[in-house]
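Q: The listed protein sequences correspond, in order, to chains D and E. Just so we're aligned, residue 1 is where the first sequence starts under the numbering used here, counting upward by one. Just so we're aligned, residue 112 is where the second sequence starts under the numbering used here, counting upward by one.
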Amino acid sequence: KQEVTQIPAALSVPEGENLVLNCSFTDSAIYNLQWFRQDPGKGLTSLLLIQSSQREQTSGRLNASLDKSSGRSTLYIAASQPGDSATYLCAVREVGQNFVFGPGTRLSVLP
Amino acid sequence: EAGVAQSPRYKIIEKRQSVAFWCNPISGHATLYWYQQILGQGPKLLIQFQNNGVVDDSQLPKDRFSAERLKGVDSTLKIQPAKLEDSAVYLCASRRSGTQFEAFFGQGTRLTVV
């Protein structure tokens with residue numbers, strides 16, 4: 001059974017810092033991995049989608065990498081801003097087409 | 112492109128009552144998911160539809176939860192009777208068929224059972 005973990009569970013950084021969020025999964029037989037952002041009381045906003053054949057994806061200040069063989073993905077946020085404060089979730093899409101989510105990392109960027 | 116629409120946004124009911132949630136996916140998205148997200152946890156899949164057929168409902172508590180997508184577009188998730196532990200956010204997501212497409216989520220319905 002696929003299990004997804006995220007480290008750290010919570011992170012607090014001063015504005016302007018670069019930071020890395022980690023996601024690990026136990027079964028490497030995945031189609032892709034998607035990173036989401038969730039603001040309090042809101043739904044999930046898709047940030048980046050990495051196909052299993054890709055190594056990384058970039059969107060603005062965000063860069064996500066995927067090492068399928070080791071079961072790891074990282075989300076790099078450059079020059080963090082207070083508006084980046086949210087919970088970040090990773091989800092792997094398995095061969096059976098379902099998404100399995102990690103518990104999330106709660107990020108606070110202090111002004 | 113309009114996003115995934117869900118209603119209601121909030122619902123408070125007493126235990127043993129029934130409740131229904133509605134989802135309208137993005138136009139053209141054949142795959143629809145319902146997820147349950149308990150506070151502090153990641154979303155957990157309840158059911159997946161492909162058009163109007165069920166692909167996976169292995170984690171749906173079928174004694175009290177039911178879902179349908181009769182015409183392959185809108186979907187309804189029902190809980191009857193509700194329990195205290197059903198308090199959660201219920202998220203609907205949709206996606207185009209094919210492995211390369213990302214999923215888009217609605218705003219969710221926050222259910223409180225008292």
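Backbone N, C-alpha and C fix where the C-beta goes; we use that ideal spot for every residue, glycine too. Small disclaimer: the values here were computed from a predicted structure and weren't measured.
How about residue 33(D) and residue 73(D): do their beta carbons lie closer than 9 Å?
A: Residue 33(D) sits at position 33 when you count from the first residue of the first sequence. Residue 73(D) sits at position 73 when you count from the first residue of the first sequence. Going by C-beta atoms, residue 33(D) is nearer than 9 Å to residue 73(D).
Q: Per DSSP, which one or two residues make a beta bridge with residue 123(E)?
A: Numbered from its first residue, the second sequence carries residue 123(E) at position 12. Note: residue 123(E) sits in a beta bridge opposite 223(E).
Q: Where DSSP assigns a beta bridge to residue 201(E), which residues make up the other side?
A: Reading the second sequence from its first residue, position 90 is the one you call residue 201(E). The partner list for residue 201(E) (beta bridge, DSSP) reads 147(E) and 220(E).
Q: Buried or exposed: residue 68(D), going by 16 or more other Cβ atoms within 10 Å of its Cβ?
A: Here residue 68(D) corresponds to residue number 68 of the first sequence, with the count starting at 1. The residue is buried, with at least 16 neighbouring Cβ atoms inside 10 Å.
Q: Enumerate in chain order the residues of its own chain whose CB-to-CB distance from residue 190(E) is below 7 Å, with the five nearest sequence positions on each side excluded.
A: Residue mapping note: residue 190(E) aligns to position 79 of the second sequence, counting from 1. Taken in chain order, the residues that qualify are 129, 130, 175, 176 and 197.
Q: Would you say residue 42(D) reaches chain E, if we count a Cβ-Cβ gap shorter than 9 Å as a contact?
A: For the purposes of this step, residue 42(D) is taken as the residue at position 42 of the first sequence. At least one chain E Cβ lies under 9 Å of residue 42(D).
Q: Can you pull the chain E neighbours of residue 46(D), defined as C-beta to C-beta under 8 Å?
A: Residue 46(D) sits at position 46 when you count from the first residue of the first sequence. By Cβ distance, chain E contributes 213, 214, 215 and 216.
Q: Could you tell me whether the Cβ of residue 60(D) comes closer than 9 Å to any Cβ of chain E?
A: For this step, residue 60(D) is matched to residue 60 along the first sequence. No - not a single Cβ of chain E is within 9 Å of the one on residue 60(D).
Q: Report yes or no: is there a C-beta of chain D within less than 9 Å of the C-beta of residue 199(E)?
A: Taking the second sequence and counting its residues from 1, one reaches residue 199(E) at position 88. No, residue 199(E) does not count as interfacial toward chain D.
Q: Can you give me the start and stop residues for the beta strand (DSSP E) that residue 45(D) sits inside?
A: Taking the first sequence and counting its residues from 1, the one referred to as residue 45(D) is at position 45. Per DSSP, residue 45(D) belongs to the beta strand (DSSP E) from 44-51.
Q: CB residue 71(D) to CB residue 9(D), shorter than 9 Å?
A: Here residue 71(D) corresponds to residue number 71 of the first sequence, with the count starting at 1. Here residue 9(D) corresponds to residue number 9 of the first sequence, with the count starting at 1. The answer is no: Cβ separation not under 9 Å.
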